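Some notes on the structure that comes next.
Numbering (our numbering), first residue to last: 22 to 330.
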């Protein structure tokens, strides 16, 4: 029996428990670095599956590492399991979670039964929806001895070369002077006006931005009462681009929007970019992706970009 057949049959035999695990995580959505239930469920499942499990790994309470096998190359398979506020697992991280543990189980079982050297490492990666969980895993050495790392993400199409943008996150603050909005508005300097101007300027900036660039934001604070000129306003913005040099260019232009808006509203401004949460654009491993795509064909699934790379 081939390694492929052993892995496939092993995963098929665990299909029912994997589905139950997925539904359990889906029913208990937890945001970044708060994935206590998912962490417990996944580490328990992997322990029962014969993995050597390290909970709360790499300095993160809700990260984990699970290994089987020995010697040979070390292959990492990643599981994500954090959810989004309000809409739960709309991004399908419960499916990423079980895909990771299923792949780890199947490959580990195949290697062990055929006496092939190699180590399978399932990495529990918290805080993908903000928080920079994978960056912390990298910084803590989780990938230092890894020959290849992979994961699967649900989506609307079958692709092996995902187009994943570089991203940086910032919090911008505007400070003015409060005043009574009816009694003496001329005494105030409206921080919310500055933020609204910046938001609109960024919206207009999109006209001249490359189609692959994405900028989106959320106002966190815009004042306390309608009859008080707000002296403080804050927002959070994501800036995405296909390469880091273009990302840096867009960051500069976004900051120009902040500066111009603050000047127009006679306010001060400051911005803090989240150094630990900046992601580079993805560079796929061509041979690995092509091998993956060929295996998809064995399952009757054709990747739209199988010939690309």
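Quick reminder that beta carbons are idealized off the backbone N, C-alpha and C, glycines included.
Quick caveat: nothing in here was measured; it's all calculated off a predicted structure.
Within the stretch 263-314, ranges of the alpha helix (DSSP H) (whole runs, at least 4 residues): 265-285
Please go through the same chain and pick out, in chain order, the residues whose beta-carbon is closer than 8 Å to the beta-carbon of residue 35, but skip the five residues on each side of it. What you label residue 35 is simply residue 14 of the chain shown in a count that begins at 1. 70, 123, 126.
Taking the straight line between their C-alpha atoms, what separation do you get for residue 129 and residue 307? Residue mapping note: residue 129 aligns to position 108 of the chain shown, counting from 1. Residue mapping note: residue 307 aligns to position 286 of the chain shown, counting from 1. Computed Cα separation, rounded: 23 Å.
Please classify residue 214: does DSSP put it in a helix, a strand, or coil? The residue you call residue 214 lines up with position 193 of the chain shown. Helix at residue 214.
Bridge partner(s) assigned by DSSP for residue 258: Numbered from 1 along the chain shown, position 237 holds the residue referred to as residue 258. In DSSP, residue 258 forms a bridge with 191, 238.
Is residue 159 near residue 200, with beta carbons less than 8 Å apart? What you label residue 159 is simply residue 138 of the chain shown in a count that begins at 1. What you label residue 200 is simply residue 179 of the chain shown in a count that begins at 1. Taking 8 Å as the Cβ cut-off, residue 159 and residue 200 do not qualify as a contacting pair.
Give a yes or no on contact between the stretch 262-269 and the stretch 290-307, applying the rule of three or more CB pairs nearer than 8 Å. yes
So, residue 236 versus residue 275, is the Cβ gap smaller than 8 Å? Counting from one through the chain shown, the residue named residue 236 turns up at place 215. Counting from one through the chain shown, the residue named residue 275 turns up at place 254. Contact flag set, yes.
On the criterion of 16 or more Cβ atoms from any shown chain inside 10 Å, does residue 231 qualify as buried, or is it exposed? Residue mapping note: residue 231 aligns to position 210 of the chain shown, counting from 1. Per the 10 Å Cβ criterion, exposed.
Can you tell me which of 142, 204, 188 puts its alpha carbon nearest to the alpha carbon of residue 248? Within the chain shown, the letter at position 227 stands for residue 248. Nearest in C-alpha terms to residue 248, of all of 142, 204, 188, is 204.
Starting from residue 76, follow its DSSP beta bridges and name the residues at the other end. By 1-based counting over the chain shown, the position of residue 76 is 55. DSSP output for residue 76 lists 85 as bridge partner(s).
May I have the straight-line CA-CA distance separating residue 86 from residue 72, to the nearest angstrom? Within the chain shown, numbered from 1, the residue matching residue 86 stands at position 65. Within the chain shown, numbered from 1, the residue matching residue 72 stands at position 51. Between residue 86 and residue 72, the C-alpha separation is close to 9 Å.
With distances taken between CB atoms, is the gap from residue 288 to residue 195 smaller than 8 Å? Working through the chain shown from its first residue, we reach residue 288 at position 267. Working through the chain shown from its first residue, we reach residue 195 at position 174. Yes.
Residue 42 and residue 28 - do their beta-carbons sit closer together than 8 Å? Here residue 28 is taken as the residue at index 7 of the chain shown, counted from 1. Here residue 42 is taken as the residue at index 21 of the chain shown, counted from 1. Contact: no.
How about residue 47 and residue 145: are their beta carbons less than 8 Å apart? Translated into positions along the chain shown, residue 47 becomes position 26. Translated into positions along the chain shown, residue 145 becomes position 124. Not in contact: residue 47 and residue 145 (Cβ atoms no closer than 8 Å).
Excluding the 5 residues flanking residue 322 on each side, which residues of the same chain have their C-beta closer than 8 Å to its C-beta? Residue numbering aside, residue 322 sits at position 301 when the chain shown is read from its first letter. Excluding residues within five positions, the ones whose Cβ falls inside 8 Å are 179.
Restricting to Cα atoms, I'd like to know which of 282, 228, 267 is closest to residue 254. As a first step, residue 254 is located in the chain shown; it is residue number 233 there, counting from the start. Nearest option by C-alpha distance: 282.
My output table needs one value for residue 185: the three-state DSSP class, helix, strand or coil. One-based indexing of the chain shown puts residue 185 at position 164. DSSP places residue 185 in coil when its eight states are reduced to three.
Among 88, 256, 81, which one has its Cα closest to the Cα of residue 140? Position 119 of the chain shown holds residue 140. Of the candidates 88, 256, 81, the one whose C-alpha sits nearest the C-alpha of residue 140 is 88.
Is the distance from the Cβ of residue 257 to the Cβ of residue 190 below 8 Å? For the purposes of this step, residue 257 is identified with residue 236 of the chain shown, where counting begins at 1. For the purposes of this step, residue 190 is identified with residue 169 of the chain shown, where counting begins at 1. Result yes, Cβ atoms of residue 257 and residue 190 sit closer than 8 Å.
In terms of residue numbering, what span does the alpha helix (DSSP H) encompassing residue 97 cover? What you label residue 97 is simply residue 76 of the chain shown in a count that begins at 1. Taken as a continuous stretch (DSSP letters only), residue 97 belongs to no alpha helix (DSSP H), being part of the beta strand (DSSP E) at 95-101.
Pairwise C-alpha distance: residue 267 and residue 188: Locating residue 188 in the chain shown gives position 167, counting from the first residue. Locating residue 267 in the chain shown gives position 246, counting from the first residue. The alpha-carbon atoms of residue 188 and residue 267 are separated by roughly 11 Å.
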